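Here the sequence shown stands for residues 2 to 517, where the numbers follow the numbering used here.
The beta-carbon is built from N, C-alpha and C at its ideal position, and this holds for glycine as well.
Predicted model only: the values in this text are computed from it and were never measured.
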Amino acid sequence: MSFGLYSLLPPLLAIVLALVTRNVIPALFCGVWLGATMLAGGNPAVGLYNSFGDFIIPSVGDEWSATVLIYCGLFGVLITVLQRTGGAQAIARSIASRVASPRGAQGATLGFGVLIFFEDYFNALTVGSVMRPITDRMRVSREKLAYIVDSTSAPMCLLGPVSTWVVFVMGLIGTQLTQMDMTGSEYLIYLSSIPLNFYAWLALLLILIIVVTQRDFGPMAQAEKRARESGKLLADDARPPSDREVAEMAGVAEEHSLKRNMLVPIAVLVGLIPVLFLWTGNVAENGLITAMGEADGGKSILIATFLAVSVALGMGLSQRLFDFREAMELVVTGIKSMTLVYIILTLAWSIGSVTEALGTADYLVTLAQAGVSPSLIPVLLFLIGSLVAFTTGTSYGTFAIMIPIAMPVAMALDMPLSLAIAAVLSGGIFGDHCSPISDTTILSSAGSSCDHIDHVRTQLPYALSAGTAGIVAFFVAGATGTAWLGGLAGVAALLVVISGLRRFWRSTPGASKSAA
């Protein structure tokens with residue numbers, strides 16, 4: 002059954018309701034219900050039944066989804082234990098003693114996010130939770146923290162040489178090479194796309210500009226002004242997706258809070274991930290590169306997190322900071338702290354399944370199949386990828402849909418494969434950054450303990466700025482066939498766009514400038 006234009010209704014309803022009501026859970030559920038009702042021939046009762054039977058329950062039961070949910074729960078436990086043992090506070094005090102300004106706190110957050118390039122979920126949750134006490138102390142709004150976290154996690158996963166995203170994209174490229182009867186290394190093709198991933202580079206450049214100049218614009222400027230002048234890190238009506246029990250948990254006395262209580266568990270976590278990647282990828286038989294490509298990233302990170310939690314609990318018990326009974330209570334508390342994240346992620350996955358059943362992505366792709374100049378193909382791939390990611394809330398799904406289309410198109414038009422692939426990857430990240438139903442955006446809100454809708458609303462002008470510059474970059478690269486000219490054009494466009502937006506908001510009645 003083809004729904005054509007109507008296939009856009011469920012994701013658009015979810016997005017509009019989320020922005021209007023400032024509550025993403027009922028908005029997502031309404032989107033799922035509407036899509037299920039459409040698939041049930043317009044019967045809302047059958048649609049309600051199918052919402053659970055065909056979409057919500059299967060989304061939770063899917064192996065990958067279950068892995069992510071368990072991983073999130075374990076990470077909630079890790080955050081809880083690190084707070085209870087005082088490790089997080091000790092690290093925060095150590096960094097805070099070297100950070101004397103909001104600019105320094107934001108710069109440290111950016112640097113931390115760049116270093117963790119191997120997994121977006123881990124990046125979003127780790128950077129947000131570790132840096133939150135430091136940015137809070139420097140009166141940096143939670144919206145600003147969530148923006149820096151969100152806009153570094155996904156771009157770095159595609160700009161780094163090895164990550165869970167690289168593994169996934171390599172698999173798509175390899176499959177397509179086989180179908181196209183082409184030879185070549187999917188890993189080398191992927192590496193060649195990194196310099197051309199214009200949106201990812203421009204998004205990072207924009208963060209750097211904002212952090213260095215401390216000149217925000219739009220809703221973010223108002224959030225920063227509120228935090229600096231009144232100390233209100235969240236808006237009065239904010240509903241951060243984290244449990245207050247964890248945020249308000251009493252830690253240990255300052256003299257008993259040790260940096261190693263956090264450094265050792267985090268070192269175990271970070272150190273075990275590449276080891277488990279190589280082990281699950283059977284490095285002994287496959288070699289380093291192939292092993293990283295065939296690794297089970299989700300389970301590797303889950304096991305690493307479990308062992309890090311075990312080490313953190315063991316250290317707390319050995320230091321007599323709590324007994325075994327309280328240790329188990331911390332486990333329960335940590336899992337409870339992620340309840341809202343569980344619900345939002347489940348519904349986000351469900352609406353992604355609904356849009357797949359309705360053919361939303363296929364319809365968007367069909368719109369692009371009219372006669373278009375070859376020089377516009379990179380821009381078109383970027384824009385369609387953005388729309389798919391925005392309406393489905395998943396970069397992974399966007400890549401899976403668009404790469405099998407982009408590579409044959411590039412081959413037919415004698416266009417570099419790396420440019421076509423980079424356009425799809427950039428579009429997926431851009432749409433993800435703009436969408437309130439994106440899982441990485443949701444986890445960035447959770448890790449930063451920021452109201453999700455506030456995060457989307459304040460980040461949107463920045464994402465659109467980098468996205469507009471990305472369109473210019475891909476247009477110039479496609480028209481001239483020269484990548485470096487496209488990159489320069491994108492940087493110039495970004496500077497022009499943010500300068501114009503700053504002037505626009507200064508001239509708008511009631512607009513506020515951020516305090517430096």
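With a threshold of 8 Å, are at least 3 pairs of Cβ atoms found where one atom belongs to the region 39-46 and the other to the region 399-409?
No, the region 39-46 is not in contact with the region 399-409.
Do residue 487 and residue 494 come within 8 Å of each other at the CB atom, strictly closer than that value?
Not in contact: residue 494 and residue 487 (Cβ atoms no closer than 8 Å).
Please tell me whether residue 296 and residue 281 are closer than 8 Å, where the distance is taken between their beta carbons.
Yes, the Cβ-Cβ distance between residue 296 and residue 281 is below 8 Å.
Work out the CA separation of residue 317 and residue 283 for me, nearest whole Å.
The alpha-carbon atoms of residue 283 and residue 317 are separated by roughly 35 Å.
Could you tell me whether the region 177-190 touches the region 134-144, where touching means 3 or more Cβ pairs closer than 8 Å?
When Cβ pairs closer than 8 Å are counted between the two stretches, the region 177-190 is seen not to touch the region 134-144, the count staying below three.
With H, G and I counted as helix, E and B as strand and the rest as coil, what does DSSP make of residue 43?
Residue 43: coil per DSSP, three-state reduction.
So residue 87 and residue 262 are supposed to be a Cβ contact under 8 Å. How far apart are they, rounded?
Indeed, because the Cβ distance is near 6 Å, the residues count as touching under 8 Å.
Alpha-carbon to alpha-carbon, residue 228 and residue 446
One alpha carbon belongs to residue 446, the other to residue 228, and they sit about 17 Å apart.
Between which two residues does the alpha helix (DSSP H) containing residue 322 stretch?
Counting along the chain, residue 322 falls outside any alpha helix (DSSP H), and DSSP gives it neither H nor E.
Cβ shell of residue 502 (< 8 Å), same chain only, five flanking positions each side left out:
Within the same chain, residue 502 has close Cβ partners 218, 219, 462 and 466.
So what does DSSP say about residue 355, is it helix, strand or coil?
Assignment of residue 355 by DSSP, reduced to helix, strand and coil, places it in the helix class.
How far does the alpha helix (DSSP H) with residue 587 in it reach, from first residue to last?
Nothing can be reported for residue 587: it is not among the residues displayed for the chain, which extend from 2 to 517.
Applying the 10 Å Cβ sphere with the 16-neighbour rule, what's the burial state of residue 151?
Here residue 151 is buried: its Cβ has 16 or more other Cβ atoms, across all protein chains shown, within 10 Å.
Look at the alpha carbon of residue 124 and the alpha carbon of residue 154, and state the distance between them as a whole number of angstroms.
About 6 Å.
Classification of residue 50 by the beta-carbon crowding that lies within 10 angstroms, buried from 16 upward:
When all chains shown are included, residue 50 counts as exposed.
Can you round the beta-carbon distance between residue 267 and residue 111 to whole angstroms, since I take them to be within the 8 Å contact cut?
Contact doesn't hold; Cβ gap of about 18 Å is too wide.
Residue 241 to residue 59 span [Cα, whole Å]:
One C-alpha to the other measures close to 27 Å.
Looking at the structure shown, is residue 31 part of a helix, part of a strand, or coil, going by DSSP?
Three-state result, residue 31: helix.
Is the region 325-333 touching the region 348-361, taking contact as three or more C-beta pairs under 8 Å?
The region 325-333 is not in contact with the region 348-361.
Would you decide whether residue 191 is buried or exposed? Buried here means 16 or more other CB atoms lie within 10 Å of its CB.
Buried, because 16 or more other Cβ atoms sit within 10 Å of the Cβ of residue 191.
What do you get for residue 432, buried or exposed, if any count of 16 or more other CB atoms within 10 angstroms of its CB means buried?
Buried is the call here.
Mapping the DSSP letters down to three states, classify residue 1 as helix, strand or coil.
Missing from the structure shown is residue 1; the chain here goes from 2 to 517 and no further.
Specify the secondary structure class of residue 497 as computed by DSSP and reduced to three states.
The answer is helix: DSSP assigns residue 497 an H, G or I state.
With a threshold of 6 Å on Cβ separation, who are the neighbours of residue 476 within its own chain once the five nearest residues in sequence on each side are excluded?
380.
At a cut of 8 Å, does the region 406-422 reach the region 93-107 through at least three beta carbon pairs?
No, they do not touch.
Determine the closest residue to residue 171 out of 480, 404 and 409, with distance taken between C-alpha atoms.
Out of 480, 404 and 409, 404 has the C-alpha closest to the C-alpha of residue 171.
Give me the Cβ distance between residue 8 and residue 33, rounded to the nearest whole Å; I'm assuming they're in contact under 8 Å.
Between residue 33 and residue 8 the Cβ distance is about 14 Å, and since that is not below 8 Å, they are no contact.
Give me, in chain order, the residues of the same chain whose beta-carbon lies closer than 8 Å to that of residue 471; leave out the 5 immediate sequence neighbours on both sides.
Leaving aside the five residues that flank residue 471 on each side, the residues in its chain whose CB is nearer than 8 Å to its CB run, in chain order, 199, 200, 203, 383, 427, 431 and 491.
Measuring CA to CA, which of 75, 157, 233 and 85 is closest to residue 138?
Selection 75, 157, 233 and 85 evaluated against residue 138 yields 233 as nearest (Cα-Cα).
Do residue 395 and residue 363 have their C-beta atoms closer together than 8 Å?
It is not a contact, given that the beta carbons lie outside the stated cut-off.
Assuming residue 166 and residue 159 are in contact, meaning their beta carbons sit under 8 Å apart, how far apart are those beta carbons, in whole angstroms?
Contact flag correct, Cβ pair sits at about 6 Å.
When we look at the beta-carbon of residue 222 and count the other beta-carbons within 10 Å, is it buried (16 or more) or exposed?
Residue 222 should be labelled buried.
Mind checking which residues open and close the alpha helix (DSSP H) that includes residue 197?
In the DSSP annotation of this structure, residue 197 is not part of any alpha helix (DSSP H), being labelled neither H nor E.
Using the three-state DSSP reduction, which class does residue 85 fall into: helix, strand or coil?
Looking at residue 85 - three-state DSSP - the assignment turns out to be helix.
Could you check where the alpha helix (DSSP H) with residue 458 kicks off and where it finishes?
It spans 453-481 - the alpha helix (DSSP H) in which residue 458 sits, taken as one unbroken run.
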